[in-house]
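This report concerns only the one structure given below.
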Amino acid sequence: MTTALKEWAVVQRALLEGHQILLLRKGGLIEDTGDFDLRAERFVLYPTYEHETERLGDVQPCFGQWLAEEEARRPPRDQARITAMAQVTDVVRVDDRAQLLTLAPQHIWSPQFIHGRYDWEPYKPVFVLLLRAYALPQPHTLPVRREYGGCRSWVELAEPISTEGAVPAVSEERYARRRELTLRLLEKIP
């Protein structure tokens, strides 16, 4: 698999430890269209660190220590360590800030972060991606290439990553319950 979605390392940890099953997207600053586009339903997760250490206030206080822990685990800056893949099950367009705020128990982000995500280009919707995360059986370390940088959501890796033997972060039953609860909070099922 060569398609990768960029996401904070601390959020990848939350996905792999079962603390959340969702990601929020509006689009990267240098996306082709400026909007988020779901290029693939299955992809590896490419860990990023650029923004996660800038503001401790972007995660709920109980997860604040994770920022330092993930920074300590960070590989050298010329390497990327791929440890996870994901399968999207649902994409929900959200135009209402209040709906996003109801998701607080379902993720590690702070209300400050949610407000900031909503307020950035407020005429654009936020997309909630519900996904099953899988831990790869072994980490894959790749050299960082220039084309992987910048504020874009997707990158095509120069080397394929094997996802054979990937282990689900949460059971199918637990995922189904979390998915249903999240969709209820977003008022997508009665």
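Those letters in the sequence shown? Residues 2 to 191, by the numbering used here.
Cβ atoms here follow ideal geometry from the backbone N, Cα and C, with glycine treated the same way.
Under the three-state DSSP convention, the category residue i falls into
i    : result
V171 : coil
E181 : helix
E157 : strand
Q21  : coil
R135 : A small fix is needed here, since residue 135 is Tyr in this sequence, not Arg. The answer is strand: DSSP assigns Y135 an E or B state.
R14  : helix
L143 : strand
L104 : coil
L187 : coil
R74  : helix
T3   : coil
G166 : coil
Candidates the options: closest to residue i by CA position
i    : options                : result
E8   : Y50, V171, A41         : Y50
L104 : E122, S154, V12, Q21   : Q21
A5   : L131, G19, A159        : A159
A10  : V60, M2, A41           : V60
S163 : F64, P140, G19, P112   : P140
W110 : E122, G150, C63, P76   : C63
P169 : G117, E42, A136        : A136
E1   : K27, W67, E42          : The first residue shown for the chain is 2 and the last is 191, placing residue 1 beyond what the model contains.
L187 : V129, R153, E174, G151 : V129
G1   : P77, A73, G117, R78    : Nothing about residue 1 can be read from this structure; the chain reaches only from 2 to 191.
T183 : V95, R75, E72          : V95
D79  : R146, L16, E173        : R146
Counterpart residues of residue i in DSSP-defined beta bridges
i    : result
T49  : W9
Q66  : Q66 is not bridged to any residue.
W110 : V60
F44  : A87
A81  : L143
L39  : Partner(s): none; L39 has no beta bridge.
R94  : F128
R26  : F128
Own chain partners of residue i with C-beta closer than 7 Å, once the 5 adjacent residues on each side are dropped
i    : result
G166 : P138
Y176 : I22, R133
E115 : First, the amino acid is wrong: residue 115 is Ile here, not Glu. Excluding positions up to five away in sequence, the list reads L101, L102.
E42  : Q88, V89
8 Å contact criterion, which residue i and residue j should meet: CB distance rounded
i    : j    : result
L25  : V127 : 6 Å
V92  : L39  : 6 Å
A192 : L143 : In the structure displayed, the chain extends from 2 to 191; residue 192 sits before or after that span and is not available.
R98  : Y119 : 5 Å
Proximal residues to residue i (C-beta, below 8 Å), its chain only, five neighbours per side dropped
i    : result
P179 : The amino acid at residue 179 is misidentified as Pro; the sequence shows Arg. Here the set comprises I22, Q107, V171.
G47  : Note that residue 47 corresponds to Tyr in the displayed sequence, not to Gly. Excluding positions up to five away in sequence, the list reads A5, L6, K7, E8, A81, I83, Y149, V156, L158.
Q13  : L46, P48, T84, A85, A134
K27  : D36, F37, R118, W121, E122, K125, P126, V127, F128
Residue-level contact to chain D via CB, residue i, 8 Å cutoff
i    : result
E160 : Absent from the structure is chain D; it holds one protein chain and no more.
Own chain, CB closer than 6 Å to residue i, minus 5 neighbours either side, in chain order
i   : result
V45 : M2, A5, I83, M86, I162
R75 : Y50
A15 : Q21, I109
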